[in-house]
Structure formats: structure tokens, C-alpha cells
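Undergrad: For the sequence shown, counting from 1, position 155 maps to 155 in the UniProt record's numbering; every step adds exactly one. For every residue, glycine included, the Cβ atom is placed at its ideal position computed from N, Cα and C. The model shown is predicted, which means the values in this text are computed figures rather than measured ones.
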Amino acid sequence: MESLTKNRQSLDTLRAMIERAYGVDQVPEGDTFASELSYGLFNAVYRICLRDGAEVVLKIAPPAGVPVLTREHQMMRNEIAAMALIERESTVPIPRVDFVDLSAELCDADFFFMEYVDALCFGIEAEAGDLPDDVVVAGHEHLGALNKDLNQIVGPHFGPLAGPGFATWREAATAMFGDVLADGKNADVDLGWDYDVVEGLFAAHAAVLDLVLVPRLVEVDLWAKNSMMREGRIVAIIDHERAMFGDPLMEAGLTGLDLPSFPDPAPFARGFGLTDLTPAERTRRHLYTLWLAVTMLVETTYRGQGPEQYRWACEQLDIAMALLGRSR
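1) Does the structure place the segment 146-161 close enough to the segment 49-69 that three or more beta carbon pairs sit under 8 Å?
2) Using CA coordinates, which residue listed in 271, 208, 86 and 296 is at the minimum distance from residue 332?
3) Count the other CB atoms, across all protein chains shown, that sit within 10 Å of the CB of residue 5; report buried if there are 16 or more and exposed otherwise.
4) Just list the alpha helix (DSSP H) runs in the segment 58-99, keeping only unbroken ones of 4 residues or longer that don't cross its boundaries, in chain order.
5) What would DSSP say about residue 262, mapped onto helix, strand or coil?
6) Taking the straight line between their C-alpha atoms, what separation do you get for residue 143 and residue 277?
7) DSSP state of residue 156, grouped into three classes?
8) In terms of residues, what are the limits of the beta strand (DSSP E) holding residue 46?
9) Please look up how many angstroms separate the CB atoms of residue 177 and residue 215, rounded, as I've assumed it's under 8 Å.
10) Using the DSSP secondary-structure output, state which residues sit across from residue 217 in a beta bridge.
11) Using only the alpha-carbon positions, how far apart do residue 325 and residue 15 sit?
12) State the CB to CB distance for the pair residue 180 and residue 191, rounded to an integer number of angstroms; the pair is presumed to be in contact (CB under 8 Å).
13) How would you call residue 240, buried or exposed, if buried means at least 16 neighbouring beta carbons within 10 angstroms?
14) State the CB to CB distance for the pair residue 170 and residue 196, rounded to an integer number of angstroms; the pair is presumed to be in contact (CB under 8 Å).
15) What is the DSSP secondary structure of residue 328, counted as helix, strand or coil?
16) Apply the 10 Å Cβ neighbour rule to residue 59 and answer buried if 16 or more other Cβ atoms are within range, or exposed otherwise.
17) Measure the alpha-carbon distance for residue 17 versus residue 305 and round it to whole angstroms.
18) Just tell me which of 292, 95 and 30 has its CA closest to the CA of residue 316.
19) Answer yes or no: do residue 113 and residue 80 have a C-beta to C-beta separation smaller than 9 Å?
20) Classify residue 225: buried if its beta carbon has 16 or more other beta carbons within 10 angstroms, exposed otherwise.
21) Using the Cβ count rule (16 or more neighbours within 10 Å means buried), how would you classify residue 73?
22) Identify which residue in 297, 102 and 242 has its Cα closest to the Cα of residue 188.
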């Protein structure tokens, strides 16, 4: 997928990155050693074949001068920190990180190399209809169970992993939602709603966020497309860049509870261990749907996406506003 944030590099630069990470003896010959994995929307990602035939993945953060959302600044560093935390405190399978470079010497951004997981992208295969229905259902249940395991990791504060930290989830969520609204205003994004109305609706229901007392690791972006499957089982979770300490009810696998255009959340919820929601929990989930809808809408400008994606995001925001009692 195309995005203004993708920081593609020349083959010569890729060779220099490989040499720094793995040594000169692993720099491949020829010009066919790199293939772009293009379905992401933020980083440039390459599948690299080293000289000895081993395969690895290279992720490169956006160029220094490209506008990104407030929470996306240094987001690759957040992903690296999340992966280290997950490796240290859980048994959830993730790729091994081989090398990290934060110097900006070889290109104008952070980059890192990690293990190549020889498996299929669960979400892509499911969306294409290439998996049996029972495998898809089992995959979503497994994804929910793995997500629940990740949520058992407890952080020192609410909010971004590296801070700023907040003492309460309401403070953290309100601040981060406010950042997304500010990003939209700065880019003159038309939400189809007055910004003050959207912000006021969030604030009017925010008291339910005070019921979240433990800051748990939340992936936020753990869609099926961010998991790898082999022989019907998920063998790796990828793309941890948006992880934070917050409320597990905001996990992506539950989005279909509110937005019909997203996958049926029932299998994920079973694996996640979620049954009926209390009224307060349902309101929290609605707030996270509102937050997601605004983010998706603002992203259409920052990513350079077209009018079709913009119209779809506007529809999701209308649904989210109605869930919280504000219809047109």
C-alpha cells in the first residue's frame, strides 16, 4: 500500500545497512536480494536475503521531514521497546530482533533488522478466501488468546511506554485523544463534525475510564494482518509500534463490536475471554471506537490516501458518534 511515510532506500543504502548489521561477509551480490513487503501503511519494510541465503526483515522508519501524527514520532523506538518487553515478560511468539540502528547515519531515520518468520500473513490469507472457515475462526480465537496474554504485562504508568506517563487512564486517554484532534486541526482535516463537539462527547463519557485501575500492555493495532500463521496456528505477532499501557478493551480485535465493516469479533472475544460487557465497559469500548475513527480519518491526510478512504472513515466516525448518543 502507498503512503507518504514510506522511507524507501536505494540498493546501495540497503547494502550498507546489511554490512553494519551483519558484517561485510553477509552483504549479498547482485540486485535481487531485497523485496518490499508493501501491505503496511507506515514504515518501509523489506525482505532481505543475505549472502549465505538466510532471510531477514528490515524495517525503516519514515523520513525525518515527513509529517506524522503526534503519537507517531519515534514510533519505531516504541516498537523496539515493546518487543523487548514482550520477550522479557511473556511467551507470546514475536520475531527476534537482530540489530537496531538509531544513529541516522546511513539514512535519515531509525531502522532495525529482525528475524524473517517463514509463515503466511493470517489476515491477508483470510481476506483472500484462501483459508477454510474453521481455520479462520480458530485463528481469530488463537489471536484473542495471545492478545490476552500480552495484556497480562503491567506497566509503571498509563500512556506511552516511554512516557509521558499518567497516574490515571482517564488522563492518559484524554491527552492522547486530544493529540489526534490537534493533529487533525493542524492539517485542516474536515471531520464532518465540529472538533469541539467530538472532543466534548469524549469528555462527557470519560468518567468510565476511571474504572481502569491497572496499566496493562495494550497492542492497539493487533489486527489479523499483524499475525503470521503456519499450519493453522499463529506463530508470530508483528508490528508492535503502537503499543501503550492502558485498557485491554481498546484492542483492535474488538472493533467489530461497534463497527460492522470490521471482522466478526466473536471468535476473538472467545479467545480473549470476553463475554457480556457491562454498561460501563460498553461505553469504554465506544470511546475507543470514537478514538479509532478519528485517527483513521486524520490519517487519510497524513498518509496521502484518496477520497474513497476518506469517505469510508467519515462513515465510521458517524457510527462512533451515534454510539455515544450524537446523531446527525
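TA: In terms of the structure at hand:
1) No contact exists between the segment 49-69 and the segment 146-161.
2) Past the boundaries of the shown model lies residue 332; the chain is included only from 1 to 328, so the question cannot be answered.
3) buried
4) 75-89
5) coil
6) 20 Å
7) The DSSP-derived three-state label of residue 156 is coil.
8) 44-49
9) Going by Cβ atoms, the distance from residue 177 to residue 215 rounds to 17 Å, so no, they are not a contact pair.
10) 245
11) Roughly 55 Å between the two C-alpha positions.
12) By a beta-carbon distance limit of 8 Å, residue 180 does not contact residue 191. Their separation comes to about 11 Å.
13) buried
14) About 19 Å; that fails the 8 Å criterion.
15) It is coil, neither helix nor strand.
16) buried
17) 30 Å
18) For the residues 292, 95 and 30, the minimum Cα distance to residue 316 belongs to 292.
19) No, the Cβ-Cβ distance between residue 113 and residue 80 is not below 9 Å.
20) buried
21) exposed
22) Comparing Cα-Cα distances from residue 188 to each of 297, 102 and 242, the minimum goes to 297.
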